[in-house]
Amino acid sequence: MQGYAISIKNSKMDKYLTIGCDRGGCYRNKWKVPIEHRQRKTATRLINCPFEIRCKRREDGFWEVEEKNSSHNHEPSSDMSGHPSCRRLSQEEITTIEDLTKSGMPPRQILSSLRKRNPKLQAISRTIYNTKVKLRKEHLAGRSVIQTLFEELCQGDFYF
């Protein structure tokens, strides 16, 4: 079916796997903070969609697939970029983002460049910003910007 995204809801390596709609389940307020006291006024995509498939590994090594519920309680999505699992980037795209960021290209142009290479790309500008933050954290490796700069200057042929 098109217009639905699925995800692994529960699994145990080589034992069983539960696959469900990415809109399945309901919001759990784990911090017990009332909506009116939250800093961010966010919404949830979860609408308790009942779609579920269970897979169990048999003793002979084959998987037994059982369709628990094949119906969704919502219409299919017309734009798949609304599903985070569809916005994932390949390692090649992440490397491209890193290279274009180093060359000084702004995120909106990076996104345009990626879409020219792959017209089916579902990423949004927030995906690019998040990737840039992740790459920066990896580069800094827990150090401050000044510490990183100092270490890189010491590694090169710089005199100060």
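So for the sequence shown, UniProt numbering puts the first residue at 1; every next one is plus one.
All residues carry an ideal CB built from backbone N, CA and C; glycine is no exception.
Bear in mind that the values here come from a model prediction, so they are computed numbers and not experimental data.
Proximity winner among the options, relative to residue i (alpha-carbon distances)
| i | options | result |
| --- | --- | --- |
| tryptophan 63 | Ile146, Lys116, Thr18 and Ser71 | Thr18 |
| proline 50 | Met105, Val145, Glu151 and His72 | His72 |
| threonine 127 | Tyr159, Pro119 and Leu114 | Leu114 |
Residue i burial status per 10 Å Cβ neighbour count (16 or more: buried)
| i | result |
| --- | --- |
| arginine 28 | exposed |
| threonine 95 | exposed |
| glutamate 52 | buried |
| aspartate 22 | buried |
| isoleucine 152 | In the sequence as presented, isoleucine is not what sits at residue 152; that position holds glutamate. Exposed, because fewer than 16 other Cβ atoms sit within 10 Å of the Cβ of glutamate 152. |
Continuous beta strand (DSSP E) stretch holding residue i: start and end
| i | result |
| --- | --- |
| valine 65 | 63 to 69 |
| glutamate 52 | 52 to 57 |
Per-residue DSSP class, three states only, for residue i
| i | result |
| --- | --- |
| lysine 9 | strand |
| lysine 24 | The displayed chain sequence assigns glycine, not lysine, to residue 24. Note: glycine 24 maps to coil in three-state DSSP. |
| leucine 46 | coil |
| isoleucine 19 | strand |
| glutamine 109 | helix |
| asparagine 118 | coil |
Alpha helix (DSSP H) segment containing residue i, residue limits
| i | result |
| --- | --- |
| aspartate 99 | 91 to 102 |
Distance between beta carbons of residue j and residue i, contact taken as under 8 Å
| i | j | result |
| --- | --- | --- |
| leucine 140 | threonine 131 | The Cβ separation is near 15 Å, so there is no contact. |
| arginine 54 | glutamate 66 | 5 Å |
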